[in-house]
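Participant:
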Amino acid sequence: MEYTREIYWNVGHGATTLVPMYLLTILAVALLGYQARRLIADYRQGKSLDRTDNLLGRIVFMLKSMVLQSKVLKVRGPGVAHALFFWGFLLLFIGTGLIVLQADFTDLLFGIKFLKGTFYLLFSVVLDIAGVVAIAMLFGLLIRRYIVRPEGLESTRDDAIMHGLLFAILISGFVIEGARMAVTELGTPLALWSPVGLLFANGLAGLGEESLRSVHLLTWWFHLLLVMAFIGLIPFTKFRHIFTTSANYLFADRGPKGKLVGLDLEDEEADSFGAAKIQDLTWKDIFDGDACTQCKRCQDRCPAYNTEKPLSPMKLVQQIVQVAHNDPQADLIAACDKDAIWSCTTCRACQEICPAAVEHVGKIIDMRRNLVLMEGEFPGEEVMAAMENTEVNGNPLGIGYASRGEWAASLGIKTLAEDPEVDILYFVGCYASFDARNIKIAKAFIRLCQAAGVKVGILGKEEKCCGEPMRKMGNEYLYQTLAGENIELIKAYGVKKVVTSCPHCFNTLQKDYRDFDFDVEVESYTSFLEQLVRSGRISLKSDSFDCTYHDSCYLGRHNDIYEAPRNLIRAAGGKITEMDKNRSEAFCCSAGGGRILAEEKLGSRINIKRVNMAAETDSPTLVSNCPFCLTMFEDGIKGAELEEQIVSRDIAEILAEHLKETV
Amino acid sequence: MKTLLVAEYRDGKLLASTYELVAFAQKIGADSAMFLVGSDSALPQYDGTIYLADSGKYNEFNPAVHKQLLLDVIAQEQPDLVVFSHSSYGWDLAPRIALGLKAAQISEVVDIVDGVLVTPLCNAKLRREVKAKTSQTVVTLQVGAFGLDSDPVGIPTVEQIDTDALAQVEFGGYEESEGGGVDLSKADVIVSAGRGIGKPENLEIIQRLAKALKGEYGASRPVVDAEWADHNRQVGTTGQTVSPKLYVACGISGAIQHLAGMKKSEFVVAINTDKDAPIGEVADVLIVADLKQFVPALIERLHK
Amino acid sequence: MKILVCIKQVPDMESKFKVNAAGTWYDDADLAWRMNEYDEYAVEQAIRLKEQVGDSDLTVLSIGSKRVQETMKKALAMGCDRGVHVNDDIVQHKSPFEIASIIAEFAGNKDFDMIFTGMQSQDRGSGQVGVLVAELLSLPCISTIVEFAYADGKVSAKRELEGGTRALVSCGLPALVTCQLGLNSPRYPTLPNIMKAKKKELLSFDVTELLKVEARQETVKTYFPDKKAGGLVLEGDVNDLADQLVKILKDQTAVLA
């Protein structure tokens with residue numbers, strides 16, 4: 004027998020089918036287009052932003068992310084279900100497309116049929132499997148949403164419509180197939196190549212041919228109407244993510260990761276800075292809300308959300324797009340809630356995991372910029388005081404700037420003012436300069452450099468805060484002032500390379516400072532030390548010790564530095580018992596986003612939550628790589644009453660202790 | 003050397019700072035007379051003349067009138083030094099008198115060495131010796147800098163004084179402070195609890211010491227984090243910044259955020275089992291001991 | 085309404101002080117400069133009064149070298165309309181009386197309705213200037229205020245007394261008040277205001293134009309007090325330690341009278 008089937012069997016291939024079918028299609032697409040235009044008009048209320056650079060690269064990224072579902076698959080359970088459902092639906096879509104192509108074009112106009120023979124067999128079985136997999140996955144997702152009810156997953160009428168419509172489409176598709184097969188294929192070898200259809204056919208076989216044909220015809224038109232409804236409803240429901248999420252891959256932020264958008268503060272035309280209204284954000288900021296599918300992966304990982312603060316990255320993004328669609332003149336900041344806005348630690352857990360490439364952090368910073376620059380408002384008096392301290396003494400701690408280099412007094416290193424001929428400038432940062440606990444890390448780093456024969460210089464009292472916490476709090480003006488002063492100084496000394504032991508300084512000098520004509524090489528101390536160990540310039544004695552390791556947000560997610568520090572710990576003999584949340588899933592210590600300057604007044608303490616995670620590994624030592632983390636953990640260990648159980652240490656001090664002193 | 007001591011009266015009571023003025027006069031071996039806008043129901047124990055104006059008539063706070071009353075007495079007494087307490091009353095009235103006399107005013111005197119007056123500079127980090135170039139001098143004395151060695155004795159000879167000078171401001175009475183929010187920034191003595199107190203129950207020892215020293219109790223961040231003390235007791239960059247005359251840090255290691263909040267303290271005592279605790283860098287005295295044993299011993303002595 | 089606020093630029097108190105070569109004051113080197121904290125409250129209150137009354141002009145005045153203009157810019161950025169800089173490179177050698185006289189000489193013919201000053205400076209802390217200016221200009225003066233209200237030509241203020249008690253005092257305009265810490269919450273300058281401040285009028289006078297009096301006192305010497313018990317570490321029996329501490333507190337602080 005010929006392996007093929009009559010397309011439009013029983014339905015009719017004439018005008019009575021085609022005309023209404025195409026009219027409905029045109030109607031559905033018109034509805035889609037109409038609503039899409041309205042949505043786009045809403046996005047365009049935002050400022051312009053060019054995301055079309057490197058178009059080829061963007062397209063490749065989009066296709067890869069879409070087709071391979073790479074971002075979706077980062078979370079196994081629902082990720083696999085969605086991916087399989089997507090591939091199933093994609094195959095069915097392609098399959099239907101091929102049918103239309105043959106039936107209404109190649110066959111109709113040129114008499115060419117390709118849905119036959121072996122190809123048709125494969126076509127049949129692939130689509131049947133695709134369909135049943137899609138139904139199974141949809142069913143699994145339905146159970147998850149409505150029976151398991153994961154915390155934080157909200158379901159609306161939209162979700163119900165989507166589940167219902169998709170089930171109806173998929174099942175009606177099999178009913179159509181089953182009815183057709185019951186009449187035309189039962190008992191033929193062809194039937195085995197549509198196993199699911201065969202099941203349906205056997206189930207319907209009891210009906211006589213006339214009934215079967217009626218069932219088939221009705222279901223066919225029903226299925227068509229459902230599909231048309233589906234198409235038309237796309238922009239009205241979360242189905243829009245088929246386009247919006249895909250587009251978001253195309254328009255994604257291509258990095259560098261964690262670099263904030265600059266502000267031209269000299270702009271005489273600008274009558275406002277930061278975002279107070281929807282029109283102050285970019286179109287992309289608004290569009291993100293419609294690319295978001297409310298999967299809550301960001302919320303699940305947000306340290307603020309998980310300690311009862313009012314911030315949910317998902318809700319914030321939704322609030323923004325809702326303002327754009329429903330009430331564009333609204334007070335954006337009130338809509339998002341100030342407490343939520345101030346609670347963010349810029350840890351990037353949201354953006355790292357988001358399968359829709361939504362950019363949460365920038366919007367928050369934009370609103371903070373408005374609050375600080377236009378209203379002079381901060382989350383607390385203590386933050387304003389820190390800003391003023393920085394203006395007066397170049398550090399948020401308010402300590403006299405003249406003593407900034409004193410920690411290095413007897414270490415045999417000089418300031419650049421005394422001797423600018425150095426291998427590296429060690430940019431110390433405020434905490435390692437002034438805080439007794441963190442001074443130990445600076446001293447350890449110097450010891451390691453000296454052991455490796457690296458000539459280190461510091462800026463001493465000329466060094467100012469890199470400006471990062473101020474920038475993250477929204478005080479772009481103070482940040483730019485500090486950056487300008489540091490950059491001018493570093494360039495004037497002809498520095499070739501800067502190394503810093505603070506991930507916040509590192510991220511800022513390495514990325515943010517590039518906006519200001521700053522080309523000097525910047526390296527993080529972990530990468531720098533790893534190189535020294537590898538090349539043998541530093542020898543470590545490997546005394547075995549147990550520990551767990553905390554990936555700081557700014558070395559980890561912001562800069563993807565996960566392995567170098569671990570290599571260093573192992574080189575010193577450390578045996579790392581990883582916390583559940585490690586590497587890109589690490590849980591923030593709470594001090595990022597400028598929050599090192601602020602009191603944590605809402606909810607429970609993030610740092611205590613994290614040290615408890617560390618304690619759960621039964622490790623006696625919690626190793627970290629950031630002065631903020633170290634400070635938060637010292638406090639947190641005391642607060643959680645775990646002093647007898649665990650101590651917090653920095654990598655540098657552990658390495659310094661394991662130095663094999665060569666004669 | 004003749005001094006005129008300007009005593010203070012508030013809310014129907016003679017203030018104890020009055021005797022600090024007497025002690026100062028004694029220290030420099032000067033004769034003295036006293037001036038007071040007050041009441042004969044609360045006279046100081048003082049062997050000398052006291053020029054008394056009735057506070058019932060002239061009000062306890064009435065700078066222009068007090069100024070005239072005082073200038074009249076000065077015209078009569080012709081003192082070399084007019085001595086005030088550096089108090090909210092003294093620093094308000096003294097400049098008016100100094101100007102009226104075309105005299106130099108030297109504020110917040112902490113000591114007098116070989117006839118030269120010593121005042122603090124820059125939050126008491128430095129000292130400054132000052133000399134008047136005028137024949138008469140007005141001085142205000144730092145509260146607590148001078149004190150009698152023994153209890154005051156004497157019965158003053160009262161001379162009633164009056165004036166028809168007019169008031170420039172209206173005094174509407176006093177308002178007591180509310181108990182509620184603790185403003186540690188205004189405290190003269192603060193005893194702070196750090197993690198070294200061990201358990202929340204031990205905060206009580208700290209509070210008792212604060213009370214014995216007539217001060218307030220504070221806490222470092224970990225203690226507030228652990229909810230052993232209320233947030234309004236927190237001393238540090240994200241709590242309150244304080245500058246008391248005495249700061250006692252109990253079981254506080256001295257993390258930078260805490261130090262930054264209390265560095266302005268004039269005298270710092272730290273009690274810690276760790277000899278190398280960073281708090282030692284700002285402490286005038288570091289007592290290496292377990293606070294749970296030391297503090298009760300200290301309280302015992304203070305109560306004697 | 086015409087308002088004047090007088091501010092002083094002082095070194096940040098966290099600085100490491102050194103005595104100058106002549107031994108007469110602290111050395112200028114390695115110091116971070118800022119607005120006298122008390123004056124911040126004065127500036128904030130002056131601006132609030134200006135905002136309340138509308139149709140007001142607020143002048144900020146400061147005496148010192150060119151460096152003080154940085155601090156004046158902050159006052160302008162907070163909201164003052166114009167600045168008057170009295171240029172004096174050796175202002176630290178002037179006594180409170182001379183400072184007050186300079187200010188009074190400037191303000192005397194300007195008919196200010198309200199003058200605000202801080203109640204004292206963080207470095208010298210004599211607490212005299214504000215009251216002296218008022219006396220020189222024959223203005224009623226309320227010092228050490230922690231609350232300020234203006235209505236119908238009358239100022240109602242609360243003075244802060246020892247122990248937290250407050251005294252309610254009021255007077256008519258024109259008047260002068262000296263401000264205590266906690267009077268209000270000084271605002272953080274917004275960016276548009278920082279930008280505007282760069283263009284506001286900042287007149288500079290030489291101090292010789294305004295100084296018509298002679299000093300009535302002089303600084304003999306400035307020095308560091310003997311390191312009291314700097315870093316004294318005591319160990320031993322708790323009872324002995326307690327005795328030792330009580331003696332130290334009696335000798336070195338005024339706390340145990």
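Chains as they are written, first to last, in the working numbering: chain A, 4 to 666; chain B, 3 to 306; chain C, 85 to 341. The C-beta atom is built at its ideal place from N, Cα and C for all residues, glycine as well.
Under the rule that 16 or more other beta-carbon atoms within 10 Å means buried, what is Gln668(A), buried or exposed?
Facilitator: Not covered by the structure: residue 668(A). The range shown for chain A is 4 to 666.
Participant: Around the C-beta of Asp293(A), are 16 or more other C-beta atoms found within 10 angstroms, so that it is buried, or is it exposed?
Facilitator: By the 10 Å Cβ count, Asp293(A) comes out buried.
Participant: Taking the beta strand (DSSP E) that His169(C) falls in, what are its first and last residues?
Facilitator: In the DSSP assignment, His169(C) falls within the beta strand (DSSP E) that extends over 166–171.
Participant: Using Cβ-Cβ distances below 8 Å, what residues of the segment 206–229 of chain B are close to chain A?
Facilitator: Arg223, Pro224, Asp227, Ala228
Participant: What separation, rounded to the nearest whole angstrom, lies between the Cα atoms of Gly181(B) and Glu581(A)?
Facilitator: In this predicted model, Gly181(B) has a pLDDT of only 48, less than 50, meaning its place in the structure is not dependable enough to derive any value.
Participant: Which chain A residues are close to Arg118(C), counting only those with a beta carbon under 7 Å from its beta carbon?
Facilitator: Val395
Participant: Quick test of your reading: Pro306(A) and Ser593(A), contact by CB under 8 Å. State the CB separation rounded to the nearest angstrom.
Facilitator: Pro306(A) to Ser593(A), Cβ: 6 Å. Contact.
Participant: Kindly list the residues whose CB is nearer than 7 Å to the CB of Pro506(A), restricted to its own chain and excluding five residues on each side of it in sequence; keep chain order.
Facilitator: Ser527, Ser555, Tyr557, Leu558, Asn628, Cys629
Participant: To the nearest angstrom, how far is it from the Cα of Gly597(A) to the Cα of Met264(B)?
Facilitator: 23 Å
Participant: Take the Cβ of His305(B) as the centre, count every other Cβ of all protein chains shown within 10 Å, and call the residue buried at 16 or more, exposed below.
Facilitator: exposed
Participant: Could you tell me the alpha carbon to alpha carbon distance between Gly181(A) and Phe108(A), rounded to whole angstroms?
Facilitator: Going by the C-alpha atoms only, they are around 26 Å apart.
Participant: So what's Ile114(B) in DSSP terms, helix, strand or just coil?
Facilitator: strand
Participant: DSSP state of Lys85(C), grouped into three classes?
Facilitator: It is Met, not Lys, that sits at residue 85(C) in the sequence shown. Looking at Met85(C) - three-state DSSP - the assignment turns out to be coil, as it is neither helix nor strand.
Participant: Would you say Ala437(A) reaches chain C, if we count a Cβ-Cβ gap shorter than 8 Å as a contact?
Facilitator: Checking the sequence, you will find Phe at residue 437(A) rather than Ala. Output row for Phe437(A): interface = no.
Participant: If distances are taken between C-alpha atoms only, which option among Gly114(A), Leu169(A), Glu154(A), Thr159(A) comes closest to Leu134(A)?
Facilitator: The question names Leu, but residue 134(A) is Gly in the sequence shown. For the residues Gly114(A), Leu169(A), Glu154(A), Thr159(A), the minimum Cα distance to Gly134(A) belongs to Leu169(A).
Participant: Is the segment 51–62 of chain B touching the segment 98–111 of chain B in the sense that three or more CB pairs, one from each, lie closer than 8 Å?
Facilitator: no
Participant: Where do the ends of the alpha helix (DSSP H) carrying Val8(B) lie?
Facilitator: Run containing Val8(B): none in the alpha helix (DSSP H); it sits in the beta strand (DSSP E), 4–8.
Participant: Quick one: grab the DSSP three-state call for Lys262(A).
Facilitator: Coil, per DSSP.
Participant: Going by the beta-carbon positions, is the gap between Gly58(B) and Ser43(B) smaller than 8 Å?
Facilitator: no
Participant: List the residues of chain B that Leu319(A) touches, going by C-beta distances under 7 Å, in chain order.
Facilitator: Within 7 Å Cβ-Cβ: nothing; Leu319(A) doesn't reach chain B, min ~25 Å.
Participant: Answer yes or no: does any C-beta atom of chain C fall closer than 8 Å to that of Thr136(B)?
Facilitator: yes
Participant: As a quick exercise: from Ile91(C), Ala106(C), Met198(C), pick the residue whose alpha carbon is nearest that of Val304(C).
Facilitator: Ala106(C)
Participant: According to DSSP, is Glu588(A) helix, strand or coil?
Facilitator: helix
Participant: According to DSSP, is Ser109(B) helix, strand or coil?
Facilitator: strand
Participant: Just to confirm, is the Cβ distance from Ile187(C) to Val217(C) under 8 Å?
Facilitator: yes
Participant: Give the straight-line distance between the Cα atoms of Gly497(A) and Leu462(A), rounded to the nearest whole angstrom.
Facilitator: 12 Å
Participant: Going straight from the alpha carbon of Ala655(A) to that of Lys331(C), what length do you get?
Facilitator: 44 Å
Participant: In chain C, which residues lie less than 8 Å from Ser406(A) when you measure between Cβ atoms?
Facilitator: Within 8 Å of the CB of Ser406(A), the CB atoms of chain C belong to Lys100, in sequence order along the chain.
Participant: Less than 8 Å between CB atoms is the rule here; does Tyr249(B) satisfy it with respect to chain C?
Facilitator: no
Participant: Determine the DSSP secondary structure at Gly202(C), reduced to helix, strand or coil.
Facilitator: strand
Participant: Taking Cβ positions, are Ile572(A) and Ile657(A) nearer each other than 8 Å?
Facilitator: yes
Participant: Using CA coordinates, which residue listed in Ala32(B), Leu101(B), Leu17(B) is at the minimum distance from Gln301(C)?
Facilitator: Closest in C-alpha terms to Gln301(C), from the list Ala32(B), Leu101(B), Leu17(B), comes Leu101(B).
Participant: Here's a check: name, in chain order, each residue in its chain whose Cβ is nearer than 8 Å to the Cβ of Ser99(C), leaving out the five neighbours to either side.
Facilitator: If we look at Ser99(C) and ignore the five residues flanking it on each side, its Cβ neighbours are Asp114, Leu115, Ala116.
Participant: Taking only three categories from DSSP, how would you classify Ile52(B)?
Facilitator: Reduced to three states, the DSSP call for Ile52(B) is strand.
Participant: Which of the three DSSP states, helix, strand or coil, is assigned to Leu333(C)?
Facilitator: Leu333(C) falls in the helix class under three-state DSSP.
Participant: Mind checking Gln78(B): buried by the 16 CB within 10 Å criterion, or exposed?
Facilitator: By the neighbour-count rule (16 or more Cβ atoms within 10 Å), Gln78(B) is not buried but exposed.
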